[in-house]
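>
In this note's numbering, the protein residues as written are 474 to 698.
1) Which partner residues does residue 572 have in the DSSP bridge list?
2) At the level of alpha carbons, what is the spacing between residue 493 and residue 503?
3) Put residue 666 into one of helix, strand or coil per three-state DSSP.
4) Where do the N-terminal and C-terminal ends of the beta strand (DSSP E) with residue 652 fall, by residue?
5) Would you be able to state if there are at least three C-beta pairs under 8 Å between the region 570–584 and the region 604–618?
6) Quickly, what does DSSP pair residue 661 with across the bridge? List them, please.
7) Report all residues from its chain with a CB closer than 7 Å to the CB of residue 685; omit the five preceding and five following residues, and keep chain order.
8) Could you give the first and the last residue of the continuous alpha helix (DSSP H) run that contains residue 583?
9) Please identify the residue among 535, 515, 518 whose C-alpha is closest to the C-alpha of residue 508.
10) Assuming residue 602 is part of the beta strand (DSSP E), what are its boundary residues?
11) Note down, in chain order, each residue of its chain lying with its Cβ closer than 7 Å to the Cβ of residue 551, except the 5 sequence neighbours on either side.
12) Identify which residue in 675, 495, 538 has its Cα closest to the Cα of residue 512.
13) Among the residues of its own chain, which have a CB less than 8 Å from the CB of residue 678, if the five just before and after it don't count?
14) Cβ of residue 641 within 9 Å of Cβ of residue 651?
15) State the Cα-Cα distance for the pair residue 499 and residue 532, rounded to the nearest angstrom.
16) Three-state secondary structure (DSSP) at residue 607?
17) What does the alpha-carbon distance come out to for the pair residue 585 and residue 516?
18) Taking its Cβ as the centre, do 16 or more other Cβ atoms sit within 10 Å of residue 524, making it buried, or is it exposed?
19) Taking its Cβ as the centre, do 16 or more other Cβ atoms sit within 10 Å of residue 629, making it buried, or is it exposed?
20) With a threshold of 8 Å on Cβ separation, who are the neighbours of residue 542 within its own chain once the five nearest residues in sequence on each side are excluded?
21) Return helix, strand or coil for residue 618, following the three-state DSSP convention.
22) Given this structure, state the Cα-to-Cα distance separating residue 667 from residue 643, to the nearest angstrom.
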């Protein structure tokens, strides 16, 4: 039995804590713990700087590690929300909904962030298939409701645009936007397009669009608020 297995067994059998180890040693310990326990691990540290440092080190051992970053100061978060931090948070939420155990690194402000329940988040994912029946305006409004920003030109993650019977949307976690074309109230065609040229790169039968906001709430709670 190696030193990491000893630490894990001592920690869980005696309900003990571990202190005085280096960041690199701590990352190796977390990786061994993930393999042995086979369940999600949440690590909360004081600052965004510490969270980034541990996340960078853990990336050397496993791809199943994600960062949930929040600005350390409420005032700066209120003044300007960083698009990069928002995308990182939403990517993390998207990935932890899979069945593969993962390590989540966050700072204190990230831990305190209000989030929807896992069940409500999963219910907010929009699945679209060719020949599906839905009004273009209704689908467009659903996308706006889960955090997508209405734009004339869709060029970056989180944008959505409606032009008659065509919806362009740039979903979270994708390299290119999608174009959804309708024939009446039926989805006629779904294409992946180049965000700069509009050229069709591929055609798809089905897509899943994940929320672009962690403030997703149902209509009843919104009305109560």
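By construction, the Cβ of each residue, glycine as well, lies at the ideal position given by its N, Cα and C atoms.
Taking the structure as given:
1) According to DSSP, residue 572 bridges with nothing at all.
2) 15 Å
3) strand
4) 651–656
5) no
6) Under DSSP, residue 661 forms no beta bridge with any residue.
7) 563, 619, 620, 621, 631, 645
8) Residues 581–584.
9) 535
10) 599–602
11) In this prediction, residue 551 has a pLDDT of 47, which is less than 50 and means its spatial position is unreliable; what the coordinates show is noted afterwards. Nothing meets the Cβ criterion.
12) 538
13) Within the same chain, 602, 603, 663 come within 8 Å of residue 678 by CB-CB distance, once the 5 residues on both sides are set aside.
14) yes
15) 13 Å
16) coil
17) 13 Å
18) Here residue 524 is buried, its C-beta having at least 16 other C-beta atoms within 10 Å.
19) exposed
20) 521, 524, 525, 558, 561, 562, 579, 580, 583
21) helix
22) Straight through space, the alpha carbons of residue 643 and residue 667 are spaced by roughly 11 Å.
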